[in-house]
Amino acid sequence: MADRNRLHARLREFSAQLPGAQEDFPWGRPAMKVNGKVFVFLGPTDGAERVIGVKLDESREQALAVDGATPARHNLGPHGWVTIPLHDGMSYEILTDWVVESYRNIASKHLVRELDKRAGG
70 MADRNRLHAR LREFSAQLPG AQEDFPWGRP AMKVNGKVFV FLGPTDGAER
120 VIGVKLDESR EQALAVDGAT PARHNLGPHG WVTIPLHDGM SYEILTDWVV
170 ESYRNIASKH LVRELDKRAG G
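In terms of the working numbering, the sequence shown opens at residue 70 and continues consecutively.
(1) Determine the direct distance from the alpha carbon of H156 to that of D72, and round the result to whole angstroms.
(2) Do the segment 126 to 136 and the segment 89 to 102 meet, that is, are 3 or more Cβ pairs less than 8 Å apart?
(3) Out of G89, Q86, A176 and R79, which has the shortest C-alpha to C-alpha gap to I121?
(4) Report the partner residues of Q91 according to the DSSP bridge assignment.
(5) Could you pull the DSSP bridge partners for W150 from this structure?
(6) If you drop the 5 nearest sequence neighbours on each side, which residues of the same chain put their C-beta closer than 6 Å to that of F110?
(7) Need the endpoints of the alpha helix (DSSP H) that W167 sits in, please.
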């Protein structure tokens, strides 16, 4: 569980560093928003199972292949949202790729260009 908690904290920190990102607590759970819209749900922080929710187009099937991953509830699944449980030993790099993909799906073109500039692209 310690690995999952650390991974969750790192993803929260990573998400907060994206251009225009702001933390919010819809339904009492942490999420990161850009342009007033959620781009990553960061699941419960009360010691329960750690999960993230991201909006994926290109990587949706790959994410759904993760053990326990499901289309998101509350009518978000049909719109590309996936809930992914964090497991010990998961790849931080793949998870951050999915967070960035979700961010790109939600952020304005201006902020996506800023992200690309930061990445040197």
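Think of the CB as a built atom: it goes at the ideal place given N, C-alpha and C, for glycine as much as any other residue. Remember, it's a predicted structure, so these values are computed and weren't measured experimentally.
With the given structure in hand:
(1) 8 Å
(2) no
(3) R79
(4) K102
(5) K124
(6) A100 and G122
(7) Y161 to I175
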